[in-house]
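Order-wise, the sequence lines are chains A and B. The working numbering puts the first residue of the first sequence at 1, with every later residue one more than the last. The working numbering puts the first residue of the second sequence at 1, with every later residue one more than the last. Ideal placement from N, C-alpha and C gives every residue a C-beta, glycine not left out. Data first, discussion second: the structure below is written as structure tokens.
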Amino acid sequence: DVKVTQSSRYLVKRTGEKVFLECVQDMDHENMFWYRQDPGLGLRLIYFSYDVKMKEKGDIPEGYSVSREKKERFSLILESASTNQTSMYLCASIGGRGPDQPQHFGDGTRLSIL
Amino acid sequence: GDSVTQMEGPVTLSEEAFLTINCTYTATGYPSLFWYVQYPGEGLQLLLKATKADDKGSNKGFEATYRKETTSFHLEKGSVQVSDSAVYFCALRRIGGSNYKLTFGKGTLLTVNP
């Protein structure tokens with residue numbers, strides 16, 4: 001089974017801090033994704049990466065950056081955290097090129113910015 | 001652009017009731033369609049999928065049929081259980097190139113009472 005692991009389930013940080021969210025997958029997947037999930041808005045794509053050191057903006061990249069130095073690890077960075085970034089963050093990965101390949105998700109990090 | 005519209009919740013049912021959660025989509029070409037489920041405190045898990053018109057995906061008693069003529073992928077279950085209480089997301093993935101992104105609906109919260 002594919003395992004996508006997010007480093008923290010719950011995180012509390014202060015406004016202005018630099019925040020790192022880490023995600024690791026164990027299936028050698030090329031494509032990895034970061035979403036945020038908010039009530040009434042569903043999942044929104046922040047950034048994704050299709051290879052090491054390659055990244056592409058999603059629908060809501062403002063205030064975020066990402067890092068993919070190794071294939072198995074994809075980090076989301078909040079450069080200067082703000083209260084409107086309080087949310088649930090979900091990491092996902094996908095392998096293979098078949099049309100039926102699903103994304104595999106981690107358990108999420110619930111981030112609170114005070 | 002691509003979009004997914006699913007019925008707004010919350011949906012509250014009694015155990016053994018019949019469930020339908022409507023999902024319609026807008027996309028160019030022939031996307032793959034997915035239903036994901038999110039149990040409380042967890043990430044998203046793939047529930048079922050379909051990759052071409054008239055395909056029926058099924059899992060754990062849930063079914064959904066890819067209807068190209070109505071651009072729909074409604075989720076159904078004949079007899080729900082308390083353990084089915086969760087948030088359900090409909091999603092699509094357009095095929096082609098290196099695009100592995102998913103477009104999600106906003107989610108439907110299902111509560112099943114004993």
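Measuring CB to CB, does B:GLU15 end up less than 7 Å from B:VAL112? Yes, the pair counts as a contact, with Cβ atoms nearer than the cut-off.
Exposure label - A:MET54; buried when at least 16 CB within 10 Å: A:MET54 is exposed by the Cβ-count criterion.
Beta-bridge pairing of B:LEU92 - partner residues as DSSP gives them: DSSP output for B:LEU92 lists B:LEU33 and B:THR103 as bridge partner(s).
Chain B residues whose Cβ lies nearer than 7 Å to that of A:LEU45: Those within 7 Å of A:LEU45 in chain B are LYS101.
Residues within the stretch 19-51 of chain B neighbouring chain A, beta-carbon criterion of under 9 Å: Against chain A - using a Cβ distance shorter than 9 Å - the residues of the stretch 19-51 of chain B are TYR30, PRO31, SER32, PHE34, TYR36, GLN38, GLY41, GLU42, GLY43, LEU44, GLN45, LEU46, LYS49, ALA50 and THR51.
Quick test of your reading: B:TYR36 and B:THR71, contact by CB under 8 Å. State the CB separation rounded to the nearest angstrom. About 19 Å separates the two Cβ atoms, so there is no contact after all.
CB-CB under 8 Å to A:LYS18, same chain, minus the five flanking residues each way: which ones, in chain order? For A:LYS18, where only same-chain residues beyond five positions count, the Cβ hits under 8 Å are ILE77, LEU78, GLU79, SER80 and ALA81.
What is the DSSP secondary structure of A:SER49, reduced to helix, strand or coil? Strand at A:SER49.
Could you tell me the distance, in whole angstroms, from the CA atom of B:GLY9 to the CA atom of B:ILE21? Whole-angstrom Cα-Cα distance: 9 Å.
Would you be able to state if there are at least three C-beta pairs under 8 Å between the stretch 88-108 of chain A and the stretch 45-53 of chain B? With the cut-off at 8 Å, the stretch 45-53 of chain B and the stretch 88-108 of chain A touch.
Exposed or buried, what is A:VAL66 when buried is set at 16 or more other beta-carbons lying within 10 Å of its beta-carbon? Answer is buried; the Cβ neighbour count reaches 16.
Between A:GLU72 and A:THR5, what straight-line distance do the alpha-carbon atoms span, to the nearest angstrom? CA-CA distance, A:GLU72 to A:THR5, rounds to 10 Å.
When the cut-off is 7 Å and only beta carbons count, does B:GLY9 lie next to chain A? Answer no: the Cβ-Cβ gap between B:GLY9 and chain A never drops below 7 Å.
Going straight from the alpha carbon of A:PHE20 to that of B:ARG94, what length do you get? C-alpha separation (whole angstroms): 31 Å.
Give the C-beta separation of A:THR86 and A:SER49 to the nearest angstrom, bearing in mind that I take them to be a contact with Cβ-Cβ under 8 Å. About 24 Å separates the two Cβ atoms, so there is no contact after all.
So A:ARG9 and A:THR83 are in contact, right, with Cβ under 8 Å, and what is the actual spacing, rounded? Not really, about 20 Å apart at Cβ, beyond 8 Å.
By Cβ distance below 7 Å, which residues in the same chain neighbour B:TYR39 in space, the five residues on each side in sequence not counted? Cβ contact annotation for B:TYR39 (same chain, cutoff 7 Å, sequence separation greater than five): ALA86, in chain order.
Any chain B beta carbon closer than 7 Å to A:PHE74: A:PHE74 does not count as touching chain B.
What does B:TYR66 pair with, by DSSP beta-bridge criteria? Answer is none; B:TYR66 lacks a bridge partner.
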